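Using my numbering, the first residue of the sequence shown is number -19, and each one after it goes up by one. Backbone N, C-alpha and C define an ideal beta-carbon position, used for all residues, glycine too. Keep in mind it's a predicted model, so treat the numbers as computed, not measured. The structure appears below as structure tokens.
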Amino acid sequence: MNQILFAQACNKVIDQQRATGGIGTLGEKTVHAVLKDYLSPDHTFQEIKVGNYYADIMNENKIIEIQTRQFNVLRNKLNLFLTLKPVTIVYPVPFTKWLRWINDETGEISAPRKSPKAGTPYMIFPELYRIKDYLLHPNLNLHIILMDLEEYRFLNGWSKDKKKGSTRSDRIPIQLVDEIIIESPCDYSKLIPAELTNEFTTMDYQKSSRLSRSQSVLALNILHHVGAVKRVGKKGRAYLYSRENC
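Right, here's the structure in full:
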């Protein structure tokens, strides 16, 4: 984790925004642009054509794809990229988020207000389920990046205060918080909350991870699939899981 390099990437991209007119005026969203500069400051390795696709970053050692959601759209790329060299999927997670509202009539932007929801690395599981069949490929790695950010939204929603159903304009990274790298099935143990006991159920995982019930089911499905947990019995009607020793 390199706080200085991350801050430099943020400043560079934000300066470009100011030069082109303000928030959300770049051709790509700010989080994506910042992470490209953070992971590859040398632009000669960015947006490289590979077959019929473009890789966000490619050098002599690896391919990096930055994906905020909808991992399913990566499948066709992965079918090609994984045959060529190691591929790392980078997944950014808002750790602490401040909301700022844009009045699209006046252009006024509200003061930041902290969201009560904090991000966790476990939020990646619903996306991993979309590419479950690729997770054990020896060339596939994951890189979860937690960051503080400001989220700008237009006051154009359907509710009385125009916030519900509003459109997101952009997200501006502020600070790097943590990075989690998964390069082998054993590394998936990093996505098991440390406070869980030796044996735990889906409900226990849900409480520790702060995921929903359905998301926790997906999480344990993935962890079992990659061999990070094993089923060791039942507690009532619920499966009991334990960590696998790598």
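Euclidean distance between Cα positions of residue i and residue j
i: residue 37; j: residue 218; result: 43 Å
i: residue 74; j: residue 131; result: 9 Å
i: residue 84; j: residue 136; result: 8 Å
i: residue 43; j: residue 143; result: 38 Å
Reduced DSSP secondary structure (H/G/I, E/B, other) of residue i
i: residue 35; result: strand
i: residue 212; result: strand
i: residue 173; result: coil
i: residue -7; result: helix
i: residue 139; result: coil
i: residue 77; result: strand
i: residue 110; result: helix
i: residue 148; result: strand
i: residue 65; result: coil
Anticipated Cβ contact below 8 Å, residue i with residue j, distance rounded
i: residue 51; j: residue 111; result: 5 Å
i: residue 215; j: residue 181; result: 6 Å
Residue environment, residue i, which counts as buried when at least 16 other CB atoms sit within 10 Å
i: residue 133; result: buried
i: residue 91; result: exposed
i: residue 189; result: buried
Strand pairing of residue i, partner residues [DSSP]
i: residue 49; result: The partner list for residue 49 (beta bridge, DSSP) is empty, contrary to what the question assumes.
i: residue 180; result: 221
i: residue 123; result: 70, 161
i: residue 82; result: 89, 134
i: residue 28; result: 35
i: residue 128; result: 155
i: residue 94; result: 78
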